[in-house]
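A quick write-up on the structure given underneath.
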Amino acid sequence: MEMSRFPKTLLKPYEQSLKALLSLLNRYSSSPRALLQLHAMILKSHLSHHPFLLTRLAHAYLSCNSLSRPTRILFNFPKRAPLFLWNETIKAHARNGRFRDSIGLYDAMLAGGATPNEFTFTFVFPACAAARALSDGRRIHEHAVRFRCLSNVFVATAAVDMYGKCGEVGLARQVFDGMPQRGIASYNAMLAGYVSSGKCEEAISLFDQMQKSGLQYDATTMVSMLQACASLGALHKGRWVHEQIVSSQMEINVHLGAALVNMYARCGCIEESRSVFNEMPRRDLISWTAIICGYGMHGLPEDAELLFNQMVHCGVMPDSITFVGVLSGFSHKGMVNKGREYFKKMTDEYHIKPTLEHYSCMVDMLGRAGRLEEAEAFIRTMLVDPDAGVWGGLLNACKIYGNVKLGERVVEEILRLDPCNAGWYVLMSNIYATARLWDGVAKMRLLMKERKVSKPPGWSSIEINGQRHVFLVFDHSHPRSEEIYRLLKYLEERIRAAGYVAETKCVLVNLDEEAKEDMLCGHSERLAIAFGILSTKEGEVLRVIKNLRVCVDCHAATKFISKIVGREIIVRDANRFHHFRDGVCSCGDFW
DNA sequence: ATAGGGTTAG
């Protein structure tokens, strides 16, 4: 190799001219070993303080992701180091995951009296974004304004991205709106920000604006759009996005493929999700994980397991998230032995350290199978401290099996860890209410009042002709509200005649039975289902999205409704999918 | 003589 002859060449004195050293730097800039030798050579030569040569040397180190030597060169620079070198050092630290150091270098640069330029900000903002360093980001944003750099598209886009990643979509939007011009990347940064903070409707309307502005979209844009549709359960829009991707002849890369698989699965169409997966030109870990999680969500763990084995057979190694998909699938169907088998496989065979999510799945699985002591024992074996989510699985099991005593012990644990989440208070209330312990219900309600936590409003949505309709509990705001309640009343009579009995223990307050039954009828998913029946043709599938878990009574009622009206009703709740058809649910009443 | 934003997916 040429590399081995390198030291000899260097030793020749005539090579030590600036021109020769520069050309050597050029030639060996990607070989860290050669750089070290060149570095030693330069230090011994009469050019040891030559600014340009030092800059090139440091830059060569940086492009090999070597950080400490160039940083030393930077700090020991004869007189003031060039802005270029500061910028490149800031960039290299950010690229190598040293975000705090990157920000520190920026500050050191300012402290040394240098003036940052547009390049500086395009390197330091991503560091703030990755470190989720909002206060640094805000401070540096002010600098960008002061140094008149924010009018630059690159700088402003990086600032939008930074605010978006820090969860400050409002600030991101302010920067976005103040931009003199925007590129595709500017829109993409803003869209990703909206999607990651759950503001998916804003993302969709921004996309419409992007279309109007005449700007083309790219694959990144479409991935964000698909995520937005997945999260909203907006199947119609998701299909439209898919069509745009196809008709614009965009290549379905692994990112788009996984996003499509996920969108169809999360919109209730597991078969379409599967056909996208089957037709993908290339599959990676994330594509496999997407479809495995899809089957898990839909309560089809056997298919998930089959795919898991196919994936391994194809030489793709599963990761932590793949196992979350598999385990949650088993948990949804109460397949305790399989769950245990895969938990063991994960740790022993794949050496993946279980995370809180895996523990939650296992506790949930054991708990819902009625093995409450085992679930608690399992929590005690955990290598990490359980969080509220893990204990929550056990609390939920206490609700299902009416175990007030254990519930009280567990909720104490939970509220110590997560006192602001109203869900736990409600769940414990539910346990008390089921046992008709109204004092307990009152106690939980008082606690909530004292701590000023409020229950997140339950909502359900349904898409009709591409339009999303959202219903809250006892919602009367819909223009067809009257018809909806009339239909519900009618359905109520019909399902009663078919054998439905209201599960009034779902109602958390102490009322007489009739009042409780009325309360159940106003649950948001019933309103959405009724509206769906009113607004679609006979035989059409209804797809409902809910933010909370479906309650026992609505679950029972929906089974009857599916039979009476001859409709397939697919409900996505906070946890999983329920497919109601001809009086039965795919979950087999186990959820 | 040197340098740039959005990597988005499970």
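Residue numbers (my numbering): 5 to 595. C-beta: ideal position from N, C-alpha, C; glycine also. Just so we're clear, the structure is a prediction, and the values are computed from it rather than from any experiment.
Burial state of residue i (16 or more Cβ within 10 Å)
i	result
K453	exposed
L460	Looking at the sequence shown, residue 460 is not Leu but Pro. Exposed, since its Cβ has fewer than 16 Cβ neighbours within 10 Å.
H246	buried
W428	buried
M183	buried
S465	buried
V388	exposed
F56	exposed
Y597	Residue 597 lies beyond the range of the chain shown here (5 to 595); nothing can be said about it.
F180	buried
T119	exposed
D619	With the chain covering only 5 through 595, there is no way to say anything about residue 619.
G603	A question about residue 603 goes unanswered here, because the residues of the chain that appear run from 5 up to 595.
T79	Sequence check: residue 79 is Phe here, not Thr. Flag for F79 reads exposed.
R571	buried
F88	exposed
E122	buried
V250	exposed
D557	buried
C153	buried
A308	buried
W442	exposed
D111	exposed
M92	Here residue 92 is Glu; the residue named in the question, Met, does not match the sequence. Per the 10 Å Cβ criterion, buried.
S106	buried
Given residue i as reference, the closest of the options once Cα atoms are compared
i	options	result
I537	M523, C555, T562 and A519	T562
A560	N579, F594, F123 and V545	F594
G187	L22, H63 and D222	D222
E3	P184, T225, S190 and M229	Any property of residue 3 remains undetermined from this structure, which presents the chain solely from 5 to 595.
H43	I77, A263 and A532	I77
V173	A196, E518 and E255	A196
S291	G300, M301 and V280	V280
T293	L491, V330 and R270	V330
P483	L531, E518 and R455	L531
E412	N425, N434 and G393	N434
K403	A437, E417 and M386	A437
A134	V157, R150 and Y167	Y167
Y32	H63, H53, S52 and L47	H63
C591	H147, P305, R177 and F129	P305
A502	K567, G543, G470 and I468	K567
I208	N313, C233 and S67	C233
Y346	H317, F312, E417 and E529	F312
G237	N551, D111, V569 and D105	N551
A392	A112, N425 and M214	N425
G462	R60, G526 and G343	G526
G396	E377, M386 and G371	G371
Reduced DSSP category for residue i - H, G, I as helix; E, B as strand; rest coil
i	result
K550	strand
R2	As displayed, the chain neither begins before 5 nor continues past 595, which places residue 2 out of reach and without an answer.
F334	helix
F180	helix
R585	strand
R31	helix
R576	strand
P322	coil
D422	coil
Q41	helix
L405	Here residue 405 is Tyr; the residue named in the question, Leu, does not match the sequence. Three-state DSSP puts Y405 in coil, outside helix and strand.
M284	coil
C365	helix
L370	helix
R530	helix
C591	coil
K599	With the chain running from 5 to 595 in the structure shown, residue 599 is simply not present.
E172	coil
Q314	helix
M432	helix
Residue i: CB within 7 Å of a non-hydrogen atom of the ligand NAD
i	result
G319	By its list of ligands, the structure shown contains no ligand whatsoever, and the ligand NAD lies outside what it can speak to.
Which runs of the alpha helix (DSSP H) fall wholly inside the region 451–510 and span at least 4 residues, in chain order? The DSSP assignment places 485–501 as complete runs of the alpha helix (DSSP H) inside the region 451–510, in order along the chain (cut-off: 4 residues).
Could you name each continuous beta strand (DSSP E) segment of 3 residues or more that falls completely within the region 67–93, going from the start of the chain to the end? List check, beta strand (DSSP E) in window: nothing returned.
Given 8 Å as the limit, is there contact between the region 498–507 and the region 268–276, that is, 3 or more CB pairs closer than that? With contact defined as three or more Cβ pairs closer than 8 Å, the region 498–507 and the region 268–276 are not in contact.
Would you list, in sequence order, the uninterrupted alpha helix (DSSP H) runs of no fewer than 4 residues that lie entirely inside the region 204–282? Taking only runs of at least 4 residues, the alpha helix (DSSP H) segments lying wholly in the region 204–282 are 204–216, 223–236, 239–251 and 258–270.
Inspect the CB distances between the region 318–337 and the region 350–362 and report whether three or more fall short of 8 Å. Yes, the region 318–337 is in contact with the region 350–362.
Complete alpha helix (DSSP H) runs within the region 102–162 (minimum length 4 residues, chain order): Whole alpha helix (DSSP H) segments, 4+ residues: 103–115, 122–134 and 138–150.
May I ask you to verify whether the region 334–347 touches the region 365–385, counting CB pairs closer than 8 Å and requiring at least 3? Three or more Cβ pairs closer than 8 Å define a contact, and the region 334–347 meets that threshold against the region 365–385.
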